[in-house]
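Asker: Per our numbering, the sequence shown starts with residue 10, numbered consecutively.
C-beta atoms are modelled at their ideal positions from N, C-alpha and C, and glycine is treated no differently.
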Amino acid sequence: MPRVTDAYRQARRLEIAGAALRCFGRKGFQGTAMADIIVESGLSAGAIYGHFKSKDELIEVSVREILDHLLGEIDAVRTSDPLPEPREVLKAFLQGIGEDIVERGLLLQVWAEAMTDPALGRIAAGTVTGLKELFAGYLITWYTQSRGLTPAEASTRAGKYAAVMLGVCQGFIVQSALIPGFDAEEYLAGLGAITPA
């Protein structure tokens with residue numbers, strides 16, 4: 010029998026995690042059973058349990074996928090050349106989040122579950138902190154290049170404005186999930202009113 014490669018194993022885990030995310034988006038974390046994920050994935054129960062011991066493990070892996078995706082989006086934008094304006098970074102990030110994550114309220118579910126599940130709480134807190142740090146890193150570069158600030162001045166201002174950028178992203182996610190007929194384009198257009206000092 011041919012040996013299963015690590016790349017194949019990882020691809021299968023991501024495939025299963027994707028099926029789990031679709032189920033979580035439709036039924037929520039608590040309302041989704043392993044049977045739902047098995048049906049959604051089109052794989053056998055043995056194939057699923059060969060990669061994941063439980064639904065809780067699948068939730069953690071799926072949540073990591075969502076949050077790693079968010080970090081990847083902002084990291085790609087912040088390293089582009091020329092360096093975009095802060096509102097353009099926010100716009101690109103929010104457009105790149107993905108409809109499933111926003112419209113199905115998956116992040117809101119993650120945040121809610123994180124309040125009572127210590128493992129998810131650690132993952133979510135680490136990602137939010139990481140996202141804020143990525144925004145701060147971008148802003149330090151932006152302040153020094155476009156505003157001529159010293160690295161120390163840039164770092165002080167970046168620390169304050171990174172929290173605002175994070176809040177704008179969280180506001181977009183909450184409003185798009187909770188407000189019927191939320192106008193994402195109007196929200197994105199309003200980013201022009203936000204200019205860092």
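For the putative contact between H60 and R22, defined by C-beta atoms under 8 Å, what is the C-beta separation to the nearest angstrom?
Answerer: A Cβ-Cβ distance of about 5 Å is found for the pair H60 and R22, placing them in contact under the 8 Å criterion.
Asker: In the structure shown, what three-state DSSP assignment does D15 receive?
Answerer: helix
Asker: Helix, strand or coil for D65 per DSSP?
Answerer: Three-state result, D65: helix.
Asker: State the DSSP-derived secondary structure class of M124, mapped to helix, strand or coil.
Answerer: coil
Asker: Count the C-beta pairs between the region 131 to 138 and the region 156 to 163 that are closer than 8 Å, then say yes if the count reaches three, no if not.
Answerer: no
Asker: Would F144 and L175 qualify as a contact pair, given that the criterion is a beta-carbon distance under 8 Å?
Answerer: It is a contact, given that the beta carbons lie within the stated cut-off.
Asker: Verify the contact flag: S53, CB atom, against every heavy atom of the ligand HEM, threshold strictly below 7 Å.
Answerer: As presented, the structure is devoid of all ligands, the ligand HEM included, so that no description of it is given.
Asker: Considering only their Cβ atoms, is the gap separating S71 from F33 smaller than 8 Å?
Answerer: yes
Asker: Anyone know if the C-beta pair for E69 and I132 falls short of 8 Å?
Answerer: yes
Asker: State the start and end residues of the unbroken alpha helix (DSSP H) segment that holds L187.
Answerer: In the DSSP annotation of this structure, the continuous segment of the alpha helix (DSSP H) that includes L187 starts and ends at P160 to L187.
Asker: Assuming L99 contacts V177 under a Cβ cut-off of 8 Å, what Cβ separation, rounded to an integer in Å, is found between them?
Answerer: 6 Å
Asker: If you draw a straight line from the alpha carbon of E82 to that of T150, how long is it in whole angstroms?
Answerer: 18 Å
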